[in-house]
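To start, the structure under review is shown below, and the notes come after it.
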Amino acid sequence: EAQVTQNPRYLITVTGKKLTVTCSQNMNHEYMSWYRQDPGLGLRQIYYSMNVEVTDKGDVPEGYKVSRKEKRNFPLILESPSPNQTSLYFCASSRSGSGANVLTFGAGSRLTVL
Amino acid sequence: AQSVAQPEDQVNVAEGNPLTVKCTYSVSGNPYLFWYVQYPNRGLQFLLKYITGDNLVKGSYGFEAEFNKSQTSFHLKKPSALVSDSALYFCASSGGYNKLIFGAGTRLAVHP
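Protein chains in written order, with the numbering used here: chain A, 640 to 753; chain B, 2 to 113.
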């Protein structure tokens, strides 16, 4: 089944404790992206990747890092999480970065930072 | 700046009645417009998109949307609502490469 898989689905952590949210897709998609969803704000892009070793900032990149060493994986790293990073996170992928392409989303990762 | 507005936080409709979820956009050039739906504890699922051509776009689960360039709108519609349509709906616009701009979302509640 074609899908985007995120882990963990739920995580409660404390301020300053580094964490990684993994994202993997099995569709050989070139483009991958991370979004955060907050009530009343919709989804906002954190980082995106056009292909292996090609990443760039989205609208809200502060406090996050990403890497794209393999085509299928695009982990999101929070080096020193803070409470304002409590949110619902989605990874998504598409065949390319063309604006006409449909995004396939993962099921989401709900992160709480205490 | 590019933006998408969904003016209603929530839409309530009785089962069997027609539904409309509103969306307006502000982008430069010709927009690509999308509707996605989010069910509880699930990721977003694609419903339909407008790229070019016919202004009336048909999508999954009986949904359709009408692109109106003069009103910069892309409202989502369905002739007869089902209780199972209850979910969070997002309108999105791609004004260029690499990025979708999402509206804040509209919660649709269909009552039996």
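Think of the CB as a built atom: it goes at the ideal place given N, C-alpha and C, for glycine as much as any other residue.
Predicted, not measured: the structure shown is a model, and the values here were computed from it.
Could you list which residues in chain B have their beta carbon closer than 8 Å to that of residue i, in chain order?
i        : result
Gln765/A : Summary: the structure shown does not reach residue 765/A, with chain A confined to residues 640 through 753, and so no result is reported for it.
Phe729/A : Gly44 and Leu45
Which same chain residues end up closer than 6 Å to residue i when comparing Cβ atoms and leaving out the 5 residues on each side of it in sequence?
i        : result
Leu682/A : Tyr674 and Gln676
Asn712/A : Ser663
Val653/A : Leu753
Compare the C-beta of residue i with all C-beta atoms of chain B and state if any pair is closer than 7 Å.
i        : result
Tyr687/A : yes
Ala641/A : no
Phe744/A : yes
Gly655/A : no
Gly702/A : no
Please report the Cβ distance between residue i and residue j, rounded to the nearest whole angstrom; I am assuming they are in contact, meaning their Cβ atoms lie under 8 Å.
i        : j        : result
Leu753/A : Ile651/A : 7 Å
Phe75/B  : Leu34/B  : 4 Å
Ser733/A : Asn740/A : 4 Å
Do we get a CB-CB distance below 7 Å when we pair residue i with the residues of chain A?
i        : result
Ser95/B  : yes
Tyr114/B : Any question about residue 114/B goes unanswered here, given that chain B covers just 2 to 113.
Phe64/B  : no
Gly54/B  : no
Gly106/B : yes
Mark residue i as exposed unless 16 or more other C-beta atoms lie within 10 angstroms of its C-beta, in which case mark it buried.
i        : result
Tyr40/B  : exposed
Lys50/B  : buried
Thr107/B : buried
Tyr757/A : The question about residue 757/A has no answer, for chain A in this structure spans 640 to 753.
Thr53/B  : exposed
Ser721/A : exposed
Pro32/B  : buried
Asp698/A : exposed
Met666/A : exposed
Gln645/A : buried
Cβ closer than 7 Å: which chain B residues qualify as neighbours of residue i?
i        : result
Gln684/A : Lys100
Counting only beta-carbon separations shorter than 7 Å, does residue i have a partner in chain C?
i        : result
Phe103/B : Among the chains of the structure shown, chain C does not appear; the protein chains present are A and B.
Just the chain A side, please: which residues come within less than 8 Å of residue i by C-beta, in chain order?
i       : result
Phe91/B : Gly681 and Leu682
Lys50/B : Ala739 and Val741
If I measure Cβ to Cβ from residue i and keep anything under 7 Å in the same chain, skipping five residues before and after, which residues do I get?
i        : result
Glu16/B  : Ala82, Leu83, Val84, Val111, His112 and Pro113
Ala105/B : Gln7
Kindly list the residues whose CB is nearer than 8 Å to the CB of residue i, restricted to its own chain and excluding five residues on each side of it in sequence; keep chain order.
i        : result
Asp695/A : Tyr686, Tyr687, Ser688 and Met689
Phe64/B  : Trp36, Leu48, Leu49, Leu77, Lys78 and Lys79
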